Structures are given as C-alpha cells and as structure tokens.
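Every letter in the sequence shown is one number past the one before it in the working numbering, and letter 394, counting from 1, is 397. Report on one structure; see the data block that follows.
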Amino acid sequence: MSQSVAPHGTGRIAVAVIVKNEATELAYWLAWYHLLGADTIFVFDDGSTDGTAEIAEDAGRMFDVRVLRLSRRSERYELRQRDCYLNMLQNHRDEFEWIGFFDADEYLAFYKDGKICLGGLRERLDSVDADVGAMAFHWCNYGSSGWVIANGGPSFATYVHHADPATGINRHVKSFVRPGLWCGGWMNVHKFDVGNSRYVYPNGRDVQWERDGITLAEVDWTDARVMHFQLRSMEHFVDRMKKRMDLVPSPALFDAMDYAEMTDLRASELAAKVLELVRSIDRLTVERVIAGLSVDTAAQPSAVSATASATIASGITVREVVSDFGHLVALDTHDGLVSRRDDHPAFPLACLTLSSLPDTAFLLWAEGPGGWPYVEGDFRTTRMRRYLLEDHYDDFSFRNPETRRILGVKPPENGGAVIGDVVRAQAWERFRLRPPGEALARWLESDNGIALLRSITGEVALPSILPEAALPLFDMLPIIAASMSPARRAALVSALG
C-alpha cells in the first residue's frame, strides 16, 4: 500500500477497543477517553452477555461512540482483534488523522506540570511532525493494591500501586497510528507497520526497538504512559485464570503480577470529574432498562404524611445524620458533603430506613449545589446510596456493601469532608441519628419529597417517575428496588445486569 503524507494537526482522533463482558469498567473507560480528547470511540463487542454493548450505546447518546458487534465466533481472539484493527486502518483513513488502539484495562494518561492532563491528547498529537506515522506509549503495569474482591469502581481510582520503570514488562507499548501513513501490513497489537515513517515517543524521540512492540530503552513516563490494570484484585486473577488455558495458576504467578513497587495517586484525584460524566451514562442506562421493563406495578398505597417526626410513612423512617462529635453531616455549597456545626448553612444528609430492612440504611443528599456530590472512595453515582447499618449500641456506622469500606468524616480542622474508604469504624466513623430538622422536614413536604415517598410505598409506577424531575428515578432506584416485592425486584435486577 502506498504511503501518503498526513495533514499536519488538522484531523480527527479516534480510539478503538475490543471488549467482552466489561460492563463494570466500560462506562469509566469511555468517559476517560472522551475527556482525554478522542472525537470518536469505536467499541467492538466480542459477544458480551452482561450488557456491555448496550452501555456503549447509552454513552453514544452523549458523545460519538460507535458499537460494532463481532459475529465470527469460531476464530481465535487474536485473529478477531487483528481484523478489527485492520478494518479501522483501512476503512477510516480518510475520516481520522489518528487512531489509537487500547484495551479496556488500559488508560492513556498525559502529564503536565507533574499532574495528569485529561484534555492533553489533541495538544500532543497536533504537535507531531508530518513525517511521524505512529506514537508509542509505554505500559505502566499496576497490581491489585491489596484488593481481594473487585470493588466495582474505576481502575484508575482503585489501584494506585504499580511496577517501577525498570520492570521489563513496562517496555511494551501501545500506539496511536496515522492511517494515512500506514503501509497495509500487520505486526501486532503493540506496533504497527508505518514503513519508513517515524515511530516516536510522546517527547518526539524516535523509538528504538528490541523487537516488535517492545522498546530497547528503559521506559520514560515523564510525558505520558498507559496505565495497565491487568490485575484487578485476587478475584479478577482467579476469574482470568479460569479462562486462560495457556497459563498455570499459582500463588507465585499472582505475586509476580501483583506489582506494588511505586505508588501514584494522581489518577484517583480525577475520579470526581470522570464520575460526573459516568453518572450521566448510568442514568441513561437505567432509564433505558426501566422503559423496556414490564413489571406489575400494583401495590397497596400507604398513608404518607411528611412531618418533623422521624416516622413519615408506614414502615419508613427518615432521620438526619450527626457525627459522634455532634456535627451535622450536610451538603455544603463550596465544600461538598461535610460534617459541620448545625448553624453552618448546608442541606442535611437524610438517612432513610425501612422496617422490612432493619439492617439497611439509604443515605440521600436530596438537594444542594451541583448535580451530584463525590465522596472519596465511593464510586456510586446516584444521589441515594445503600449502606449496611451497623449498630454500636449508642451510635451507628455505615458500610458500603460493594467495597466493604466504611463511611467516615475527617476532623473539623482538616475540613470535615466525608470519605467512603475507611477500613474499620473508630470515632470518626460513628454517627448518631436524630429526627429531621427544619430544612429536611421542609424538603419532605415538597413535591419531590412526597414523590419519593409515594414511589417507595408503591403508589407510583416506575415509568411514570419523570426523568426531568429534580430527584429522578435514577437517584431513587436503590430504595425503590429494595421496597419492591421479590418478583419485581428480581425482574429489575436481571434487566440492569
């Protein structure tokens, strides 16, 4: 195939990924690459059964995600992957100046002034000389960071320990390729055939190869790297070993892959920004599932009367949350979810409990600044979240059922922020519950408060809760699902995956 000279800094940027059953990770991955600067993301679905392709389509309602379902199931995965990549280079050379090829456990990161620059993709690629056919990015391989069971959060915020630069596996690269300078051949998923065109690092230096896809020089992560989360908990390792007949599972193999020589928290600092976009994707997914769900919505309505007392409807109790040091947990205009004095202007966190689930608490920040407050270490995107309520006689602690971590607050002198990744309940992780104060009682008497209570008691069918409401169905879903009959809840859980 003859080479053509690619235009300098004028074209669109695409990223391609092949996935199978990545429903837990995919929304995070798509949000990351969209914020990084990719104009279009191609998702090749390799026979997923967990809703992966549908999540990609939901994201495609917000930005340019194109989903293609692979049908040839008899070939080896490596051949299907090769064909997808060749298809991209052959059929999209006129649409995109650059195409990047990454896996769902790989997050490309650019660095500026020592911090990750999420929008750095275009700036870096636009600065490349016209004779450059591809850019190579070294791996940075991460370990489990001590997680035995996967916590359902984004890999970039969950796993913070990785191998040092001298570790040999990090000399593998992944690539962005100029299809206009691609020569038509196939090498492997790491290195692409760009003939006599230059293959460079992000800093502009030419790559010297030990062999195809593995560089001769030690890695340089100063400007960019591919964060590679190949080992996402011990649970993930076991599941992977069950599928890989070419590997012999052993504790020694796990230890060899569990890289932990260095710690880097910079990616986790971007969790709030990425999760804001993931929240929008999640909301579209829930609304799609609910719209297509056929369940019996008949229920016996309960009397609802919003008052300042804790019990506001049959079987439903709402209370405020106060730290063991007497500070109200509330949503502050400037600082997010914090523990502050009662006289500090903020909207209190509400704790809802159901008589049918005495060991479960539903925490809700119903009103306040912005659309959604991020709690460090808690990656759920609804405004209401379910916790296991642990009784310590005089006070309570709240345990996240997904991560097993506990909700806590930082001391007032450190800002009083609420955090969600504490390992054990001590003084700052214990709370007391009290009847609603004026602000919370006023909200309970509002249209949104009454709508929430009516949905819990079954007076309102799920599809009739308008997504335009200030507190939409998506945010109410944890407690609505818990208050359903077992048959209705099973249908909903099955549909959501």
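Ideal Cβ placement from N, Cα and C applies to all residues, glycine included. Bear in mind the structure is a predicted one, so any value in this text is a computation, not a measurement.
Roughly how many angstroms lie between the CA atoms of residue i and residue j, to the nearest whole one?
i: residue 194; j: residue 186; result: 12 Å
i: residue 110; j: residue 233; result: 11 Å
i: residue 107; j: residue 447; result: 42 Å
i: residue 452; j: residue 83; result: 51 Å
i: residue 36; j: residue 352; result: 33 Å
i: residue 119; j: residue 87; result: 30 Å
i: residue 204; j: residue 221; result: 12 Å
i: residue 252; j: residue 52; result: 25 Å
i: residue 159; j: residue 148; result: 11 Å
i: residue 490; j: residue 327; result: 39 Å
i: residue 343; j: residue 403; result: 22 Å
i: residue 329; j: residue 367; result: 19 Å
i: residue 424; j: residue 321; result: 25 Å
i: residue 459; j: residue 476; result: 11 Å
i: residue 94; j: residue 266; result: 41 Å
i: residue 85; j: residue 331; result: 57 Å
i: residue 56; j: residue 90; result: 19 Å
i: residue 227; j: residue 207; result: 12 Å
i: residue 22; j: residue 497; result: 21 Å
i: residue 200; j: residue 280; result: 37 Å
i: residue 180; j: residue 170; result: 26 Å
i: residue 405; j: residue 441; result: 33 Å
i: residue 395; j: residue 428; result: 10 Å
Who are residue i's beta bridge partners in DSSP?
i: residue 262; result: Bridge partners of residue 262: none, in fact.
i: residue 209; result: 203
i: residue 402; result: 391 and 409
i: residue 354; result: 322 and 366
i: residue 144; result: 231
i: residue 99; result: 15
i: residue 138; result: 179 and 203
i: residue 342; result: 332
i: residue 164; result: 266
i: residue 110; result: 230
i: residue 349; result: 335
i: residue 222; result: According to DSSP, residue 222 bridges with nothing at all.
i: residue 381; result: 378
i: residue 241; result: Residue 241 pairs with nothing; no bridge assigned.
i: residue 71; result: 47
i: residue 118; result: 115
Evaluate residue i with the Cβ neighbour count: other Cβ atoms within 10 Å of its Cβ, from every protein chain shown; 16 or more gives buried, anything less gives exposed.
i: residue 309; result: A caution first: residue 309 carries a pLDDT of 39, below 50, which makes its placement in the model too unreliable to give a value.
i: residue 229; result: buried
i: residue 189; result: exposed
i: residue 384; result: buried
i: residue 286; result: buried
i: residue 117; result: exposed
i: residue 58; result: buried
i: residue 444; result: buried
i: residue 8; result: Because residue 8 carries a pLDDT of 45, less than 50, the predicted location of this residue cannot be relied on, and no value is offered for it.
i: residue 455; result: buried
i: residue 301; result: Residue placement at residue 301 is poorly supported in this model, since its pLDDT is 37, which falls under 50; the coordinates still yield a value, given next. Looking at its Cβ environment, which holds fewer than 16 other Cβ atoms inside 10 Å, residue 301 is exposed.
i: residue 40; result: buried
i: residue 155; result: exposed
i: residue 28; result: buried
i: residue 256; result: exposed
i: residue 236; result: buried
i: residue 341; result: buried
How far does the beta strand (DSSP E) with residue i in it extend, from its first residue to its last?
i: residue 63; result: Segment: none, residue 63 is in no beta strand (DSSP E) and carries neither H nor E.
i: residue 335; result: 331-335
i: residue 436; result: 434-437
i: residue 45; result: 43-48
i: residue 1; result: In the structure displayed, the chain extends from 4 to 500; residue 1 sits before or after that span and is not available.
In terms of residues, what are the limits of the alpha helix (DSSP H) holding residue i?
i: residue 482; result: 476-485
i: residue 276; result: 274-294
i: residue 429; result: That residue, residue 429, is in no alpha helix (DSSP H); it is neither H nor E in DSSP.
i: residue 90; result: 80-94
i: residue 28; result: 26-39
i: residue 494; result: 489-499
i: residue 446; result: 441-447
i: residue 54; result: Element bounds for residue 54: n/a, residue is neither H nor E.
i: residue 124; result: 123-129
Verify the CB distance criterion: does residue i have a CB-CB separation below 8 Å to chain B?
i: residue 184; result: Within the model displayed, chain B is absent; a lone protein chain is all it includes.
* Report yes or no: do the region 473-484 and the region 382-395 share at least 3 C-beta pairs separated by less than 8 Å? => yes
* Asked: When the Cβ atoms of the region 42-54 are set against those of the region 164-184, are three or more pairs found closer than 8 Å?
  -> no
* Asked: Is it a yes or a no for the region 52-67 touching the region 121-135, going by three-plus beta-carbon pairs under 8 Å?
  -> no
* To do: Report yes or no: do three or more beta-carbon pairs, one from the region 93-104 and one from the region 13-23, lie closer than 8 Å?
  => yes
* Counting pairs of beta carbons, one from the region 393-413 and one from the region 423-435, are three or more of them closer than 8 Å? -> yes
* Inter-stretch contact (C-beta, 8 Å, three-pair minimum) for the region 262-277 and the region 153-169 -> yes
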